[in-house]
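>
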Amino acid sequence: MVRGGRMYSQPACQPWHNHEAALPRQDTRKRYSKRGMKQAHHHLTLHSGGQGLYEVTTEIAAWLDGQAVRDGLLTVFIQHTSASLLIQENADHDVLRDIETFFAKLVPEDSALYRHTAEGDDDMPAHIKGALTQTHLSIPVRDRRMQLGQWQGIYVFEHRRARDERHLALHMIGG
Amino acid sequence: MVRGGRMYSQPACQPWHNHEAALPRQDTRKRYSKRGMKQAHHHLTLHSGGQGLYEVTTEIAAWLDGQAVRDGLLTVFIQHTSASLLIQENADHDVLRDIETFFAKLVPEDSALYRHTAEGDDDMPAHIKGALTQTHLSIPVRDRRMQLGQWQGIYVFEHRRARDERHLALHMIGG
Amino acid sequence: MVRGGRMYSQPACQPWHNHEAALPRQDTRKRYSKRGMKQAHHHLTLHSGGQGLYEVTTEIAAWLDGQAVRDGLLTVFIQHTSASLLIQENADHDVLRDIETFFAKLVPEDSALYRHTAEGDDDMPAHIKGALTQTHLSIPVRDRRMQLGQWQGIYVFEHRRARDERHLALHMIGG
């Protein structure tokens, strides 16, 4: 139930919105049983240049573009706890800088605040910023294109000051 | 390893908990090979009425209810960076108001704090609140029902003051 | 586009990174069509001992290890709104204590701050901490092993003071 708002399932006049509705059920079944379900794994390595948000949308889109799987679910997973993932606005770079500033203030790099200090002033804040953002993202894919909104980009949020190698595991499943 | 707690895989007396255990493996395989794997995409539009949490559980459940896919994984993805998703308690509405209040205090709508101010005092805070919550949710589904806990509801968290149209991409994959 | 960093898709010399690249496409298709896609549901119960982070990596890995599905996507979903999920460093336990301390300061257990107080001083903060962390995690799986980084562990983040029973719904889909 939507409080104070209205919710619409898409109407029949926009069949592209609704994969199931756009085709008679019989055809839908046949289509998938012919194509079958598949999956693919991939690995991306980012050489980050210290703290900040690094957009990786293009690289992920390029991988999807070459896949046998056309429709399905993409998952991006970062194999670290001091860097994280974020979907954010890709238009005004000031948005990214404001996000970095907000998190820097919320989680100060002050060793007096933490027990875990052996790996540097920026390490424990990095773990906390990671906890407040995402370790993975899943995005529906249609015709090999992520169903991102117009202003959405995928970012690696690097929380450490030093340059580092960051690993992303990608997975796509569908038909 | 569970520190200071105990972890149980579900016991045999609760076979409904464990799909694999509830059926001899042979039957499980047959069942899935007969049904095959399928997927479905959908699109929901919410006309939000300004800042707040809007429950969309019913609308998503209604879509699932009509699907050919009975068991699997549902993904809800919001195609915006100034509104987000949240699973929260659906019993006491004060919980929702307290959440709104907490985020409003944590991320003040004060243009002096941000560089990105051209779209209004509430825009940059909206992006930050989005970064602190979810752009997508994935939920296991059994017998066309989301495996939500008793008190869990799915909410769109609108961070902008103006009324707006918000788009959700839904994806279901399974058998 | 990566600002100030470099992004590499994995090179041909690391074929294990790239499932699709490692095999001629024809073989990939055959392999999956022979194996077919399957899924499995499971349920884990944690008896938590009050506030803190409880690692459940071993229990989840043990379940995966016995599955017919070898490669795919694992989803862990917590059926509560006053406990949540987190992937964090599993090496130095001080990291976990610092995370607990940070969230305790950020979301004080002070009833004067909240409307929803009937369930105790720690209930509303529990919901907020849940909103700031994760209700679900999805992790790519290869050869029945989660593609976690070397230092990553999966944790249930218990936000209530009292001992409680916490339920996790697990889902694995793949081939």
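Chains as they are written, first to last, in our numbering: chain Z, 1 to 175; chain W, 1 to 175; chain X, 1 to 175.
Where is the CB? At the ideal position from N, CA and C, for every residue including glycine.
Bear in mind the structure is a predicted one, so any value in this text is a computation, not a measurement.
Please go through the stretch 130 to 160 of chain Z and give each complete beta strand (DSSP E) segment of 3 or more residues, from N-terminal end onward.
Listed in chain order, they are 136 to 142 and 152 to 158.
> At a CB distance below 7 Å, what residues from the stretch 132 to 146 of chain W approach chain X? Give them in sequence order.
Answer in chain order: Leu132, Thr133, Leu137, Ser138, Ile139, Pro140 and Arg142.
> Closer than 6 Å by C-beta to Pro125 (chain W): which residues in its own chain qualify, once you throw out the five before and the five after it? Chain order, please.
These residues qualify, in order along the chain: Val107 and Glu109.
> Give every residue of the same chain whose Cβ lies closer than 6 Å to the Cβ of Asp122 (chain X), excluding the five residues on either side of it in the sequence, and list them in chain order.
Hits under 6 Å: Glu109, Arg160 and Arg161.
> Once the 5 residues before and after Lys38 (chain Z) are set aside, which same chain residues still bring their CB inside 8 Å of it?
Cβ within range, chain order: Ala68, Val69, Ile173, Gly174 and Gly175.
> Among the candidates X:Arg144, X:Lys129 and X:Leu148, whose CA atom is the shortest distance from the CA of Leu137 (chain X)?
Measuring from the Cα of Leu137 (chain X), the nearest candidate turns out to be X:Leu148.
> Going by Cα to Cα distance, which pick from W:Glu89, W:Thr45 and W:Ile99 is closest to Val76 (chain W)?
Closest by alpha carbon: W:Thr45.
> For chain W, is any of its Cβ atoms less than 7 Å away from the one on Leu113 (chain Z)?
It does not: the Cβ of Leu113 (chain Z) has no partner Cβ on chain W nearer than 7 Å.
> Using a C-beta cutoff of 7 Å, does Ile128 (chain X) count as contacting chain W?
It does; some Cβ of chain W falls within 7 Å.
> Where does Arg115 (chain Z) fall in DSSP's three states?
Coil.
> I'd like to confirm the pairing. Which residues does DSSP put opposite His167 (chain X) in its beta bridges?
X:Thr45, per the DSSP bridge assignment.
> Use the C-beta contact count for Glu89 (chain W): other C-beta atoms within 10 angstroms, 16 or more gives buried, fewer gives exposed.
Per the 10 Å Cβ criterion, buried.
> Does the beta carbon of His116 (chain W) come closer than 7 Å to any beta carbon on chain C?
This model lacks chain C altogether; the protein chains it does include are Z, W and X.
> What does DSSP give as the partner residue(s) for Ile87 (chain Z) in the beta ladder?
According to DSSP, Ile87 (chain Z) bridges with Z:Ile154.
> Residues of chain W with a CB under 8 Å from the CB of Phe77 (chain X): which are they?
In chain order: Ser138, Ile139, Pro140 and Gln147.
> Consider the Cβ of Thr81 (chain X): report whether some Cβ of chain W lies at a distance smaller than 7 Å.
Closer than 7 Å: yes.
> Which of the three DSSP states, helix, strand or coil, is assigned to Met178 (chain X)?
As shown, chain X starts at 1 and ends at 175. That puts residue 178 (chain X) outside it, with no answer to give.
> Give a yes or no on whether the minimum CB-CB distance between Val69 (chain Z) and chain W is below 7 Å.
Closer than 7 Å: no.
> Under 8 Å: do the stretch 95 to 105 of chain Z and the stretch 86 to 104 of chain X share three or more Cβ pairs, one atom per stretch?
Contact between the stretch 95 to 105 of chain Z and the stretch 86 to 104 of chain X is absent, because fewer than three Cβ pairs lie under 8 Å.
> Any Cβ of chain Z within less than 7 Å of the Cβ of Met172 (chain W)?
With 7 Å as the cut-off, Met172 (chain W) does not count as an interface residue toward chain Z.
> Sort W:Gln51, W:Arg115 and W:His93 by Cα distance to His93 (chain Z) and report the nearest one.
The shortest C-alpha separation from His93 (chain Z) is found at W:Arg115.
> Residues of chain Z with CB closer than 9 Å to the CB of Gln88 (chain W), please, in chain order.
Per Cβ cutoff of 9 Å: no residues; Gln88 (chain W) is ~13 Å from chain Z at best.
> Hey, is Leu73 (chain Z)'s beta-carbon within less than 7 Å of any beta-carbon in chain W?
Interface residue, yes.
> Is it the case that the Cβ atoms of Thr57 (chain X) and Gly130 (chain X) are separated by a distance below 7 Å?
Cβ atoms of Thr57 (chain X) and Gly130 (chain X): not closer than 7 Å.
> Closest to Lys95 (chain X) by CA distance: which of X:Ile78, X:Leu74, X:Ala83 and X:Gly52 is it?
A small fix is needed here, since residue 95 (chain X) is Val in this sequence, not Lys. Measuring from the Cα of Val95 (chain X), the nearest candidate turns out to be X:Gly52.
> Distance, Cα to Cα, Leu168 (chain W) vs Ala112 (chain Z)?
Each residue's Cα considered, the two are about 43 Å apart.
> Are Leu132 (chain X) and Leu132 (chain W) close, meaning C-beta to C-beta below 7 Å?
Their beta carbons are under 7 Å apart, which means Leu132 (chain X) touches Leu132 (chain W) by this criterion.
> Considering Glu55 (chain X), what are the terminal residues of the alpha helix (DSSP H) in which it resides?
No alpha helix (DSSP H) contains Glu55 (chain X), which is instead part of the beta strand (DSSP E) from Gly52 to Glu55.
> Counting only Cβ pairs nearer than 7 Å, list the residues of chain Z close to Ala61 (chain W).
Neighbours of Ala61 (chain W) on chain Z: none; closest Cβ ~11 Å, over 7 Å.
> Near Pro140 (chain X), which residues of its chain fall below 7 Å by C-beta distance, leaving aside the five closest residues on each side in sequence?
So the qualifying residues of the chain are Leu73 and Gln147.
> Name the residue from X:Asp164, X:Glu165 and X:Tyr155 whose alpha carbon lies nearest to the alpha carbon of Ala61 (chain X).
Ranking X:Asp164, X:Glu165 and X:Tyr155 by Cα distance to Ala61 (chain X) puts X:Tyr155 first.
> Sorted by chain position, which residues of the same chain lie with C-beta nearer than 8 Å to His80 (chain X)'s C-beta, five sequence neighbours on each side aside?
Once the five neighbours on either side are set aside, the close Cβ partners of His80 (chain X) are Gly130, Arg166 and His167.
> Does DSSP put Arg31 (chain W) in a helix, in a strand, or in coil?
Note on Arg31 (chain W): pLDDT 37, under 50, position unreliable in the model; the coordinate value appears next. Helix at Arg31 (chain W).
> Between Ile78 (chain X) and the ligand HEM, is the CB less than 6 Å from at least one heavy atom?
This structure does not include the ligand HEM; it has no bound ligands of any sort.
> How close, in whole Å, do the beta carbons of Arg142 (chain X) and Leu64 (chain X) come, if the pair is a contact with beta carbons under 8 Å?
So it is not a contact: roughly 11 Å between Cβ atoms.
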